[in-house]
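J.: Here it is, the structure, as structure tokens.
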Ligand code: EPZ
């Protein structure tokens with residue numbers, strides 16, 4: 120199994136380009152199932168989760184071609200409504216396929232999804248929304264079997280602004296009779312991107328990013344070429360790494376307002392940030408002050424997917440920071456690994472109390488999940504001495520050759 124070997128303490132300088140967003144690409148790939156034409160998606164990142172999603176699409180009967188960095192998907196002849204268990208359990212996004220497959224074939228069968236082990240990750244809101252749209256759902260033997268004779272537009276109120284449930288219901292409603300309104304939907308930028316993608320095929324969706332999303336049923340969708348949004352979590356990961364290591368980096372292909380919850384905290388704690396339309400420069404001349412508090416919330420609150428990375432920065436900041444993870448029950452698996460590196464962290468229920476120390480020390484640690492793994496890379500880059508990170512396949516799920524990116528900025532890191 121591959122590992123990362125890092126000799127820490129180098130400052131980071133240079134420019135990096137952020138790839139397209141994993142969590143937008145995964146939803147958009149599901150939505151391709153709705154289209155009887157050809158979809159060209161630009162600049163497809165080489166994330167393992169995206170490769171797995173493409174494999175699921177081809178198992179359903181989609182034809183997939185890669186041309187340079189682009190991917191061309193033809194779902195004209197989709198016939199199989201059953202997502203194989205061994206494929207579905209690999210990624211959380213397999214559950215997003217329920218909606219588009221039902222919309223297209225009136226039947227769907229998917230096993231319970233996989234994804235990062237960061238909590239229970241129920242799908243009750245997905246299923247409740249689909250039932251409201253007149254889908255009969257049987258859950259047995261670990262499978263979710265869905266059938267409908269006609270999808271009917273309805274008003275749906277989500278108890279929680281779930282990203283996946285919002286996406287699933289949006290896609291299931293595209294061909295429904297009448298209008299569907301989703302109240303209390305997720306407002307993440309990826310939801311807006313999904314709306315824009317579906318509308319580029321002739322869909323009629325309005326209000327993504329606001330308190331109510333309206334989907335007017337249409338009869339069909341046509342071919343399109345689309346470029347998904349940049350990955351705001353990767354952009355935030357790079358900024359936090361530079362803040363912790365000191366240096367001066369320019370990240371390109373970013374929408375600054377997508378990570379305003381992070382950049383505001385970085386600026387308040389003393390780092391210099393210069394923002395343009397699609398780039399952010401960060402200058403770090405030394406340690407920052409503690410963020411004080413990090414409370415993860417649905418967008419536009421502080422993103423849970425940046426909590427591990429931001430927590431690492433707090434381990435060497437001046438002062439104490441209370442990090443509260445409100446979305447996922449067990450998203451502190453990076454903490455025991457950081458304690459091996461000398462961090463002063465105490466976890467109680469959903470909060471971690473982080474007391475800043477002078478520096479971390481290199482150690483042998485394990486990447487338990489995607490963002491925990493990314494946070495340990497940052498810790499290794501900041502630490503004095505050598506860090507070895509195992510299970511880095513978890514990092515490859517959502518970062519493309521992360522070691523090459525940091526090497527290009529002056530870090531001493533290699534994959535062994
Ligand atoms: C998406 O997961 C992302 N994954 C996650 O990113 C991200 O952390 C999460 O949204 C929150 O922003 C993809 O887009 C592939 P949720 P999802 O449904 O859709 C509860 C990463 O690192 N909930 O918004 O699974 C759930 O328990 C990954 O890239 C229900 O109760 O997130 C959780 O507490 C990790 N019932 C909260 O909502 C449901 O039916 C947020 O979950 C669904 C969710």
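In the working numbering, the protein residues as written are 120 to 535. Ideal placement from N, C-alpha and C gives every residue a C-beta, glycine not left out.
#1: Select from 246, 288, 229 and 276 the residue whose C-alpha is nearest the C-alpha of residue 262.
#2: Answer with yes or no whether the minimum CB distance from residue 382 to chain D is below 9 Å.
#3: In this structure, how does DSSP classify residue 166 when only helix, strand and coil are distinguished?
#4: Does residue 187 pass the burial test, meaning 16 or more other C-beta atoms within 10 Å, or should it be called exposed?
#5: Considering only residues of the same chain and omitting the five flanking positions on each side of residue 342, which have a CB-CB separation below 6 Å?
#6: Using a threshold of 8 Å, is the CB atom of residue 202 nearer than that to any non-hydrogen atom of the ligand EPZ?
#7: Could you check whether the Cβ of residue 236 sits closer than 8 Å to any heavy atom belonging to the ligand EPZ?
#8: Classify residue 403: buried if its beta carbon has 16 or more other beta carbons within 10 angstroms, exposed otherwise.
#9: Mind checking who residue 209 pairs with in its DSSP beta bridge?
#10: Buried or exposed: residue 241, going by 16 or more other Cβ atoms within 10 Å of its Cβ?
#11: So, is residue 533 buried or exposed, given that buried needs 16 or more other C-beta atoms within 10 angstroms?
#12: I need the straight-line Cα distance from residue 190 to residue 287, nearest angstrom please.
#13: Determine the closest residue to residue 198 out of 207, 395 and 227, with distance taken between C-alpha atoms.
#14: Since residue 160 is in the beta strand (DSSP E), which residue starts that stretch and which ends it?
#15: Starting from residue 490, trace the beta strand (DSSP E) in both directions and tell me its first and last residue.
#16: How should residue 405 be labelled, buried or exposed, when 16 other C-beta atoms within 10 angstroms of its C-beta is the threshold for buried?
#17: Starting from residue 379, follow the alpha helix (DSSP H) in both directions and report where the run begins and ends.
#18: Helix, strand or coil: which one does DSSP assign to residue 463?
#19: What span of residues does the alpha helix (DSSP H) with residue 545 cover, start to end?
#20: What do you get for residue 195, buried or exposed, if any count of 16 or more other CB atoms within 10 angstroms of its CB means buried?
#21: What separation, rounded to the nearest whole angstrom, lies between the Cα atoms of residue 249 and residue 292?
#22: Is it the case that the segment 417-424 contacts the segment 458-475, given that we only count it when at least three CB pairs across the two stretches are under 8 Å?
#23: Looking at the secondary structure, which residues open and close the beta strand (DSSP E) in which residue 519 lies?
#24: State the start and end residues of the unbroken alpha helix (DSSP H) segment that holds residue 123.
#25: Whole-angstrom Cβ separation of residue 423 and residue 457, contact assumed at under 8 Å?
#26: My guess is that residue 359 and residue 433 are in contact by the Cβ rule of under 8 Å, so how many angstroms apart are they, rounded?
#27: Which class does residue 309 belong to by DSSP, given the choice of helix, strand or coil?
#28: Specify the secondary structure class of residue 276 as computed by DSSP and reduced to three states.
#29: Any heavy atom of the ligand EPZ inside 8 Å of the beta-carbon of residue 447?
#30: Alpha carbons only, please: which of 130, 353 and 330 is nearest the one belonging to residue 519?
#31: For residue 183, which residues of its own chain have a beta-carbon under 6 Å away from its beta-carbon, when the five flanking residues on both sides are left out?
#32: Within the segment 393-446, note down every full beta strand (DSSP E) run reaching 3 residues or more, in order along the chain.
T.: For this structure:
#1: In the chain shown, counting from the first residue as 1, residue 262 sits at position 143. Answer by Cα proximity: 229.
#2: No chain D is present in this structure, which holds just one protein chain.
#3: For the purposes of this step, residue 166 is identified with residue 47 of the chain shown, where counting begins at 1. Looking at residue 166 - three-state DSSP - the assignment turns out to be coil, as it is neither helix nor strand.
#4: Against the chain shown, residue 187 aligns to sequence position 68. Exposed, because fewer than 16 other Cβ atoms sit within 10 Å of the Cβ of residue 187.
#5: Numbered from 1 along the chain shown, position 223 holds the residue referred to as residue 342. Within the same chain, residue 342 has close Cβ partners 156 and 157.
#6: Position 83 of the chain shown, counted from the start, is the residue given in the question as residue 202. Residue 202: no, Cβ never under 8 Å from the ligand EPZ.
#7: Position 117 of the chain shown, counted from the first residue, corresponds to residue 236. Checking the Cβ of residue 236 against the ligand EPZ gives no.
#8: Here residue 403 refers to the residue found at position 284 of the chain shown. It counts as buried.
#9: Translated into the one-based positions of the chain shown, residue 209 becomes position 90. DSSP, once it has assigned bridges, lists no residue as partnering residue 209.
#10: Position 122 of the chain shown, counting from 1, holds the residue named residue 241. When all chains shown are included, residue 241 counts as exposed.
#11: Position 414 of the chain shown, counted from the first residue, corresponds to residue 533. Residue 533 should be labelled exposed.
#12: One-based indexing of the chain shown puts residue 190 at position 71. One-based indexing of the chain shown puts residue 287 at position 168. Roughly 22 Å between the two C-alpha positions.
#13: Mapped onto the chain shown, residue 198 falls at position 79. Considering only alpha carbons, the answer is 227.
#14: Along the chain shown, one-based indexing puts residue 160 at 41. Where residue 160 is concerned, the enclosing beta strand (DSSP E) stretches over 157-160.
#15: As a working mapping, residue 490 is identified with position 371 in the chain shown. Element bounds for residue 490: not the beta strand (DSSP E) but the alpha helix (DSSP H), 489-501.
#16: Residue numbering aside, residue 405 sits at position 286 when the chain shown is read from its first letter. Exposed, by the Cβ-count rule.
#17: Counting from 1 along the chain shown, the entry for residue 379 is found at position 260. Residue 379 -> alpha helix (DSSP H) spans 379-387.
#18: Indexing the chain shown from 1 puts residue 463 at position 344. In this structure, residue 463 counts as strand in the three-state DSSP scheme.
#19: Past the edges of the chain, shown from 120 to 535, lies residue 545, and the structure says nothing about it.
#20: Walking along the chain shown from the start, residue 195 turns up at place 76. Its Cβ having fewer than 16 others within 10 Å, residue 195 is exposed.
#21: In the chain shown, residue 249 corresponds to position 130, counting from 1. In the chain shown, residue 292 corresponds to position 173, counting from 1. Rounded to whole angstroms, residue 249 to residue 292 spans 9 Å at the Cα level.
#22: no
#23: Indexing the chain shown from 1 puts residue 519 at position 400. First-last for residue 519: undefined, no H or E at that position.
#24: Numbered from its first residue, the chain shown carries residue 123 at position 4. First-last for residue 123: 123-126, but that is the beta strand (DSSP E), not the alpha helix (DSSP H).
#25: Translated into positions along the chain shown, residue 423 becomes position 304. Translated into positions along the chain shown, residue 457 becomes position 338. Wrong, their Cβ atoms sit about 17 Å apart, outside the cutoff.
#26: Taking the chain shown and counting its residues from 1, the one referred to as residue 359 is at position 240. Taking the chain shown and counting its residues from 1, the one referred to as residue 433 is at position 314. Not quite, the Cβ-Cβ distance comes to about 10 Å (not below 8 Å), so this is no contact.
#27: Residue 309 sits at position 190 when you count from the first residue of the chain shown. Of the three classes helix, strand and coil, the one that applies to residue 309 here is helix, per DSSP.
#28: The residue labelled residue 276 in the question sits at position 157 within the chain shown. Three-state DSSP puts residue 276 in a strand.
#29: Looking up residue 447 in the chain shown gives position 328. Yes, since a heavy atom of the ligand EPZ falls inside the 8 Å radius drawn around the Cβ of residue 447.
#30: Counting from 1 along the chain shown, the entry for residue 519 is found at position 400. With distances taken between Cα atoms, residue 519 lies closest to 353.
#31: For the purposes of this step, residue 183 is taken as residue 64 along the chain shown, with counting starting at 1. 173, 177 and 192, listed in sequence order.
#32: 398-403, 412-414 and 439-443
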